[in-house]
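Notes for the one structure printed next.
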Amino acid sequence: MTTDDAPERTGNRQDAQGVPAQDETIPRKKSEGHRGYDIGHAVTRDVNAIRELVGPYAEQRILIAKDAVAYYESLSEFRVAREKDTGRVIGCGALHVMWEDLAEIRTLAVASDALGQGVGGALVSRLLDDAVAIGVSRVFCLTFEVDFFARHGFQIIEGQAVEPEVYLQLLRSYDEGIAEFLDLERVKPNILGNTRMLRIL
């Protein structure tokens, strides 16, 4: 995963629910043009490229490999980084809405030969823009890359980050990502070593 020049938080304030308080020392970075590649919506022909990006991370148990049909079903959630000269997809990431004010960044992957170009950071910035555009005020991630996401204003959370009534509604979901957000016992073997983080927008 690549790094960028996002300023780091200096505090780790949390509210009574263990949710990071908003820290105004980290402005949300606006999406900009990027040398060598563009960030845009994924299209159907990108699905094979997304699967190829995810493959090496799945082999390392960082991401979970999915069948092609799962990517087609969630295609509208994806942004991709595409080389300007060749059109090759060199990075991907998705924003999955979980509740009225809550979404998750998932399936963030960058091609090995594109690391160090700010691709991962550019994708996160664009996904945060997308979150704001659709009315989301909090973005969750489950990650091994704690330092990377911390540079984008995410903070580690403990306990539940939603009200009890919302928790009960989320329990009805069959989505594994929501089960991971809720820190349910049945998914803990699949997320060993991962850290739950949240960004307030």
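For reference, each letter of the sequence shown is one residue, going 1 to 201 in UniProt numbering. For each residue, glycine too, the CB sits at the ideal point set by N, CA and C.
A distance below 9 Å separates the beta carbons of L95 and L127. Contact between the segment 99-118 and the segment 139-157 is present: 3 or more CB-CB pairs across the two stretches fall below 8 Å. Following the DSSP letters along the chain, one finds F144 in no alpha helix (DSSP H), marked with neither H nor E.
Judged by DSSP secondary structure, V110 falls outside any alpha helix (DSSP H) and instead within the beta strand (DSSP E) spanning L102 to V110.
Runs of the beta strand (DSSP E) spanning 3 or more residues and lying entirely within the segment 151-201 occur at 195-200, in chain order. The three-state secondary structure of G91, taken from DSSP, is strand. Under the three-state reduction of DSSP, D46 is assigned to helix. Take D147, set aside five residues on each side of it, and no residue of its chain has a beta-carbon closer than 7 Å to its own. Relative to the Cα of G120, the nearest Cα in the group E100, E158 and V80 belongs to V80. A straight-line Cα-Cα distance of about 32 Å links I157 and V47. Between the alpha carbons of G87 and Q155 lies a gap of roughly 34 Å.
Around the CB of H152, 16 or more other CB atoms lie within 10 Å, so the residue is classed as buried. Under the three-state reduction of DSSP output, A65 falls in the coil class, being neither helix nor strand. In this structure, the straight-line span from the alpha carbon of F149 to that of I200 is close to 12 Å. Counting along the chain, G121 sits inside the alpha helix (DSSP H) bounded by residues V119 to A133. With 16 or more other Cβ atoms from the protein chains shown falling within 10 Å of its own Cβ, D130 counts as buried.
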